[in-house]
Amino acid sequence: MKIRYDPKNKVLHILIREGEVTDTDEVAEDVWVEYDEKGDIMGIEIWNAEISNKLLFENQKNYKTQYTQRY
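First residue of the sequence shown: 13, per the numbering used here; consecutive thereafter.
See the structure below:
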């Protein structure tokens, strides 16, 4: 999983799996889900997201630490 934030455009992208996105669906206002050909979720994009880069970096670092400790 990778998390990217574009502060200029205020877009948060959560990449769950690498691969070709074949469909997208707006599941809520400014929240888009990306799917592969089998209908599995590939990523999530949130528009108009205002997040500090420091907060995003800390959350991603904490996730990696927790994931590593579990597996």
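Positions of the beta carbon are idealized from the N, C-alpha and C atoms, including for glycine.
Under DSSP, G55 forms a beta bridge with L27 and E46. The three-state reading of DSSP puts V33 in coil, since its state is none of H, G, I, E or B. The Cβ neighbour count for M13, taken over all protein chains shown within 10 Å, is under 16; the residue is labelled exposed.
Residue nearest to D52 within the set E30, H25, N21 and A40 is E30 (criterion: CA-CA distance). Taking the Cα positions, E41 is about 21 Å away from T34. Rounded to whole angstroms, V23 and E49 show a C-alpha spacing of 24 Å. Counting along the chain, K22 sits inside no beta strand (DSSP E), nor does DSSP assign it H or E at all.
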